[in-house]
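The next block holds one structure in the form of structure tokens; read it before the comments.
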Amino acid sequence: MSRFFLYGMISRESKANSLFFHVFKSARRGVFRIVAGMLLVAWVVAAGHAATDAELQKAASGEKLTEDEFVSVKKAVIKEAKSGFKSTGAMQQLITKLKDAPPVEIGPEKENKFQVLEHPMIALRMIVEAELAGSVLPPDQLKKHPSADKFPGAIHRAIKPEAHFCEIDVNSYRWQSTGLYAPPGEVVHVMIPEEYVDAGWKLRIGANSTTIDIPRHNKLNRFPRIDRVYDLKKRTTEVACSFGGLLYIELPTPSAKTFLAKHSDIYNLVDHYDVPPKKMVQIRFSNVVLAPRYVHGETNVQEWRATIRSYPAPYAEIGSDKVIFTLPSKFVRRLDTPDLAMEKWDELIDAMSELSGRPKDKPFPHRFLIDAHVNWGAAFAGYPINAPLGWAEAIVRGEPEWGHAHELGHLHQHRAWTYQSTSEVTVNIFAAYALEKIYGHPHERATRESVIENAQRYLSRPIEERNWMTVNGALFERLAFYTMLSYEFGWEPFKQVFREYRELPLDQHPKSDVDRASDFLIRMSRATNSNLGPYFTEWGVQVNDSALEEVKSLPAWESPMMKQAMAKAP
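One point on numbering: in UniProt numbering, the residue at position 76 of the sequence shown is 76, and numbering is uninterrupted.
Next up, the structure:
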């Protein structure tokens, strides 16, 4: 097999036809000078220093680089790309070597994982490939990447792409699923109604929208970027992606600036949008294959079992009007009861809406993506939520676990009562409540016994080490501050207070963390008809003297659980 690759395998003798080679050659003539200047922009990082000739030579020789060296060389390559690849000396040597770096096939299986710093030349070329495939090269120049079959997955060679129609709701927002899949490296024609040509629509290929940050992530379970987005500015648009992917129509939404001028939630603020009546229009796609897709309340379960779950695309979706899960198709091939699974997930979302005081009807659903590589932490909240492959089985079983509930809880937080150091704490209020609601008993992390034990661990600290605004970590210990209140007073005070915050005009929201804590003390004390001032003080939650004075007239409260925790504390 040839060592040369760029969106297709080519021989040494045909290297002049390599797209990668063509970009660098053309840059000298100015044809691709602007394009070359755009390469790798997404990979710029603030840290690092200017690469030295020694570092460039080390990279060109194929020697291992430290993380700092890799970052420096990466920044130098970016700078060189912006200048049109005109440098001489060490940089010219590196660029020449870079286009000759061997291809790599990356996937989640152990034998296909890739270590960036072990193979710096391959990694640097991979960065360039990702940018070329992800935003620079036109559709007719994209070829199937050899990593595509490893992840997101292969389409059986016997399957022939066809033309298909789908309907989308143009009165909705954000990603609209089509149930169709673009084969890797194949040009797809998208035809939209004439009236929506200038409506700001986009076409997305691939739900895996996160670009992996390397070398912060040294071990890769998939290629760093595998999606592509196109503007739909014509009646018919050609699109393609070297990795293939599920097809979505992206509809415009109000800007974050406009949105936050009216609302103040902390993450994905979907519930503030209006819910207009549906308006369905038809979109035509050519050269695509069908993907397994279950829509709760719409898809016939018998049809799902008979045919739909066996559609050939390697990625699938099961979802409702509250949440959509996107995951490799292998996890749904034997799923007999998607309706029962989605009923349980809808219950979970409804429980979170109930606690937060939000309406249960959503203008558009949350999205939850199962990916081979998660860019931040074990999982992270966003649109979509990103989670690892190991979380997929519980999804199709309809058995929400703490991790799922935690990430969905982020989408229900409110910054008026979430302080800077507690975003990973208050999120678990929703996980604890929702899991208890759907299963009928507390999760093991929120039982009475675990709450007391966590409280004991936190309260055993010296008082000067309990500064609520600066403590890092201690997530479950500090969660006990909230769940202890739920055991003593029930969940109704939380519902009341959270509802008050949702109805509070933005200009009346507390501005600083201490003001937020003080306001929360006052509201929760009123909701429980108890003076919670001493409780806040004992936990090290900083509040204003005026807030303590305001709640002093309420009935005194002593928590039996707090007494148990304090008795165990040294």
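We treat Cβ as the ideally placed atom computed from N, Cα and C, and that holds for glycine. Note that this is a predicted model, so its numbers are computed, not measured.
Looking at the structure shown, is V396 part of a helix, part of a strand, or coil, going by DSSP? Here residue 396 corresponds to residue number 396 of the sequence shown, with the count starting at 1. Helix, per DSSP.
Could you say if the stretch 166 to 181 and the stretch 276 to 296 meet the contact criterion of at least three C-beta pairs nearer than 8 Å? Judged by Cβ distances under 8 Å, the stretch 166 to 181 makes contact with the stretch 276 to 296, as three or more pairs qualify.
Which same chain residues end up closer than 6 Å to E186 when comparing Cβ atoms and leaving out the 5 residues on each side of it in sequence? Taking the sequence shown and counting its residues from 1, one reaches residue 186 at position 186. Residues N287 of the same chain have their beta carbon placed closer than 6 Å to that of E186, with the five preceding and five following residues left out of the count.
Which of helix, strand or coil does DSSP assign to V170? In the sequence shown, residue 170 corresponds to position 170, counting from 1. DSSP places V170 in coil when its eight states are reduced to three.
Kindly indicate which residue of I370, A313, S353 has the alpha-carbon position closest to the one of H156. As a first step, residue 156 is located in the sequence shown; it is residue number 156 there, counting from the start. Per the C-alpha coordinates, the member of I370, A313, S353 positioned closest to H156 is A313.
What is the DSSP secondary structure of T66, reduced to helix, strand or coil? Locating residue 66 in the sequence shown gives position 66, counting from the first residue. Residue state, collapsed to three classes: coil.
Measuring CB atoms only, is the stretch 425 to 432 touching the stretch 471 to 478, in the sense that at least three cross pairs come out at less than 8 Å? The stretch 425 to 432 vs the stretch 471 to 478: in contact.
How far does the alpha helix (DSSP H) with L485 in it extend, from its first residue to its last? Taking the sequence shown and counting its residues from 1, the one referred to as residue 485 is at position 485. Per DSSP, the continuous alpha helix (DSSP H) segment holding L485 begins and ends at 475 to 489.
Skipping 5 residues on each side, what residues in its chain have a beta carbon closer than 8 Å to that of E109? Against the sequence shown, residue 109 aligns to sequence position 109. The beta carbon of E109 sits closer than 8 Å to those of K150, all from its chain and outside the five residues before and after it, given in chain order.
Neighbour-count burial assignment, D321, 16 or more Cβ in a 10 Å radius: Looking up residue 321 in the sequence shown gives position 321. D321 comes out buried.
Exposed or buried, which one is E298 when buried takes at least 16 other CB atoms within 10 Å? Taking the first residue of the sequence shown as position 1, residue 298 is located at position 298. That one is exposed.
Whole-number beta carbon distance between E129 and K202, since they are thought to touch under 8 Å: Locating residue 202 in the sequence shown gives position 202, counting from the first residue. Locating residue 129 in the sequence shown gives position 129, counting from the first residue. So it is not a contact: roughly 23 Å between Cβ atoms.
CA-to-CA distance, G533 to L548, given in whole angstroms: In the sequence shown, counting from the first residue as 1, residue 548 sits at position 548. In the sequence shown, counting from the first residue as 1, residue 533 sits at position 533. If you take the alpha carbons of L548 and G533, they lie about 5 Å apart.
Inter-residue spacing [alpha-carbon to alpha-carbon] between L39 and G403: Residue numbering aside, residue 39 sits at position 39 when the sequence shown is read from its first letter. Residue numbering aside, residue 403 sits at position 403 when the sequence shown is read from its first letter. Below a pLDDT of 50, predicted positions are generally treated as unreliable, and L39, at 34, falls in that range; no measurement from the model is reported.
Distance between beta carbons of R125 and A101, contact taken as under 8 Å: By 1-based counting over the sequence shown, the position of residue 101 is 101. By 1-based counting over the sequence shown, the position of residue 125 is 125. 4 Å between Cβ atoms; contact.
Where A455 and Q564 are concerned, what is the direct C-alpha to C-alpha distance, given to the nearest angstrom? Numbered from its first residue, the sequence shown carries residue 455 at position 455. Numbered from its first residue, the sequence shown carries residue 564 at position 564. For A455 and Q564, the distance between alpha carbons rounds to 9 Å.
Three-state secondary structure (DSSP) of E401: Here residue 401 refers to the residue found at position 401 when the sequence shown is read from its first residue. E401 falls in the coil class under three-state DSSP.
Excluding five sequence neighbours on each side, which residues of the same chain lie with their C-beta closer than 8 Å to the C-beta of N375? Residue 375 sits at position 375 when you count from the first residue of the sequence shown. Excluding residues within five positions, the ones whose Cβ falls inside 8 Å are T210, T211, I212, D213, H217, N386.
Residue range of the beta strand (DSSP E) that includes P215: Position 215 of the sequence shown holds residue 215. For P215, there is no enclosing beta strand (DSSP E), as DSSP gives it neither H nor E.
Run through DSSP, which three-state label would M469 get? Here residue 469 refers to the residue found at position 469 when the sequence shown is read from its first residue. M469 sits in coil when the DSSP states are folded into three classes, being neither helix nor strand.
Name the DSSP beta bridge partners of residue 595, please? Residue 595 lies beyond the range of the chain shown here (1 to 570); nothing can be said about it.
Specify, as a first and last residue, the run of the alpha helix (DSSP H) that T326 falls within. For this step, residue 326 is matched to residue 326 along the sequence shown. Note, T326: premise wrong, no alpha helix (DSSP H); beta strand (DSSP E) at 323 to 328.
Going by beta-carbon coordinates alone, are R502 and R333 separated by less than 8 Å? Your numbering for residue 502 matches position 502 in the sequence shown. Your numbering for residue 333 matches position 333 in the sequence shown. Taking 8 Å as the cut-off, the beta carbon of R502 is found no closer than this to the beta carbon of R333.
DSSP beta-bridge partners for L180? One-based indexing of the sequence shown puts residue 180 at position 180. Its beta-bridge partners are L290.
Let me know the secondary structure DSSP gives L340 once reduced to three states. The residue labelled residue 340 in the question sits at position 340 within the sequence shown. Note: L340 maps to helix in three-state DSSP.
Does the stretch 489 to 508 come into contact with the stretch 344 to 357, if we say contact requires no fewer than three beta-carbon pairs (one atom in each stretch) closer than 8 Å? A contact exists between the stretch 489 to 508 and the stretch 344 to 357.
Below 8 Å on the Cβ atoms is my guess for K64 versus P120; work out the distance and round it to an integer in Å. As a first step, residue 64 is located in the sequence shown; it is residue number 64 there, counting from the start. As a first step, residue 120 is located in the sequence shown; it is residue number 120 there, counting from the start. The beta carbons of K64 and P120 sit about 7 Å from each other, so the pair counts as a contact at 8 Å.
Could you tell me whether the Cβ atoms of residue 638 and A567 are closer together than 8 Å? Absent from the structure is residue 638, since the part of the chain shown begins at 1 and ends at 570.
Enumerate in chain order the residues of its own chain whose CB-to-CB distance from I349 is below 6 Å, with the five nearest sequence positions on each side excluded. One-based indexing of the sequence shown puts residue 349 at position 349. K322, V323.
Using C-beta distances below 7 Å, list every residue in its chain close to W539, excluding the 5 sequence neighbours before and after it, in chain order. By 1-based counting over the sequence shown, the position of residue 539 is 539. Counting only Cβ-Cβ distances below 7 Å, and skipping sequence neighbours, we find R466, W468, F481.
Among Q93, R397, C241, whose alpha-carbon lies nearest the alpha-carbon of A54? Position 54 of the sequence shown, counting from 1, holds the residue named residue 54. The residue with the shortest Cα to Cα distance from A54 is Q93.
Taking the C-alpha atoms as reference points, what is the distance between P193 and E317? Residue numbering aside, residue 193 sits at position 193 when the sequence shown is read from its first letter. Residue numbering aside, residue 317 sits at position 317 when the sequence shown is read from its first letter. Roughly 25 Å separates the two Cα atoms.
Within a Cβ cutoff of 7 Å, which residues of the same chain sit near T253, ignoring the five residues on either side of it in sequence? As a first step, residue 253 must be located in the sequence shown, where it is residue number 253. So the list reads Y173, R174, once near-sequence residues are dropped.
Residue range of the unbroken beta strand (DSSP E) whose run includes R228: By one-based count along the sequence shown, residue 228 stands at place 228. Boundaries of the beta strand (DSSP E) around R228: 228 to 231.
Short of 6 Å in beta carbon distance, which residues of its chain neighbour A76, apart from the five on each side in sequence? Order them along the chain. Here residue 76 refers to the residue found at position 76 of the sequence shown. Once the five neighbours on either side are set aside, the close Cβ partners of A76 are A51.
Out of curiosity, what's the CA-to-CA distance linking V551 and L411? One-based indexing of the sequence shown puts residue 551 at position 551. One-based indexing of the sequence shown puts residue 411 at position 411. Going from the Cα of V551 to the Cα of L411 covers about 31 Å.
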